[in-house]
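Below: the structure, in structure tokens.
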Amino acid sequence: LQFKPEDVEKSPEGIFRALYYCFITAYGAYISYFSGRYNYIQQPCEVFNLSVTYENYFEQEIPADILSLYWIQFSYYLSGVYMELYMDKRRNDSTMMLIHHFVTLLLMYFSYMGRYLKHGCIIFFLNDISDAILETGKIFLYFNNRGGVIRKKGELACSAVFFFFTITWFHFRLYLFCVRLLHSSNWCAYIYRKIWRPRLYLLFNSLLWALYIMQIVWSYVSWEY
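In full-length UniProt numbering, the protein residues as written are 1 to 225.
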């Protein structure tokens, strides 16, 4: 395929990530939106099941589709930590990426233990879309630079993909993350505070804010770059 030497090393990992994020984005979108079983994106306060009492809080049945989404995502990010530590080459954002993976794993763990699984579905849906576009754009870039020749049509396609990535990043990770997810975990939790007794809430909500702050920092660094 006449890839550039540096692209030969990166392309297998890039193709795997592109395929993974495209699959998990489609699966997450189906669960969170298209299946019709859940309405958490449109109505964030519906993540709170007010029919569940404090005594039977942990007896809630976890839907099989949500549980499978959690296990797939947890396995991927756990492998991501291993790759960042022992396999990937050091990059400028390697430390931030490692922190991001740890925070994400902690979020998944505590959201599972505290039964914030509906919040978790929103997190996956909002974050995976831009990752799928980014990794796909990288594959386009590898193919466009084959043989040391930059193709104008390919360059235009790559620019369009990365422009679309920028739009989805700001819309889903910064805007909707705030008005849907943080709105749910803060304002909706405040509204139902007298009839809903959360567990591990402060820790879970603090990790959500940490993730959001990291995304703001990444946005600033990318803009400066």
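All residues carry an ideal CB built from backbone N, CA and C; glycine is no exception.
Please read these numbers as outputs of a predicted model, since none were measured by experiment.
Just mark residue i as buried or exposed, buried being the case when its beta carbon has 16 or more other beta carbons within 10 Å.
i, result
"residue 208", "buried"
"residue 37", "exposed"
"residue 108", "buried"
"residue 25", "buried"
"residue 86", "exposed"
"residue 156", "exposed"
"residue 175", "exposed"
"residue 184", "buried"
Whose C-beta lies closer than 8 Å to the C-beta of residue i among residues of the same chain, with five residues either side of it excluded?
i, result
"residue 110", "116, 200, 203, 204 and 207"
"residue 81", "98, 101, 102 and 105"
"residue 170", "219"
"residue 14", "135, 138, 139 and 142"
For the alpha helix (DSSP H) holding residue i, just list the boundary residues, first then last.
i, result
"residue 78", "64-86"
"residue 31", "Taken as a continuous stretch (DSSP letters only), residue 31 belongs to no alpha helix (DSSP H), as it is neither H nor E."
"residue 179", "Taken as a continuous stretch (DSSP letters only), residue 179 belongs to no alpha helix (DSSP H), as it is neither H nor E."
"residue 137", "117-144"
"residue 109", "94-113"
Spatial neighbours of residue i within its chain, please: C-beta separation below 7 Å, excluding the five flanking residues on both sides.
i, result
"residue 17", "135"
"residue 164", "133"
"residue 95", "none"
Which residue wins for smallest C-alpha separation from residue i, given the options the options?
i, options, result
"residue 122", "70, 214, 86 and 77", "70"
"residue 28", "72, 180, 77 and 211", "72"
"residue 166", "77, 130, 118 and 214", "130"
"residue 124", "216, 177 and 213", "177"
"residue 168", "186, 128 and 68", "128"
"residue 186", "68, 20, 74 and 119", "119"
"residue 31", "45, 11, 20 and 68", "68"
"residue 173", "210, 113, 23 and 79", "210"
"residue 112", "74, 126, 79 and 84", "74"
"residue 182", "34, 126, 83 and 33", "126"
"residue 20", "33, 79 and 35", "79"
"residue 179", "223, 45, 12 and 11", "45"
In chain order, what residues of the same chain have a beta carbon less than 6 Å from the beta carbon of residue i, not counting five sequence neighbours either side?
i, result
"residue 191", "none"
"residue 77", "101, 104 and 105"
"residue 22", "132"
Three or more C-beta pairs below 8 Å linking the segment 131-141 and the segment 34-41
Too few Cβ pairs lie closer than 8 Å, so no.
Would the segment 161-177 count as touching the segment 60-71 if we require 3 or more Cβ pairs under 8 Å?
Verdict: no, contact absent.
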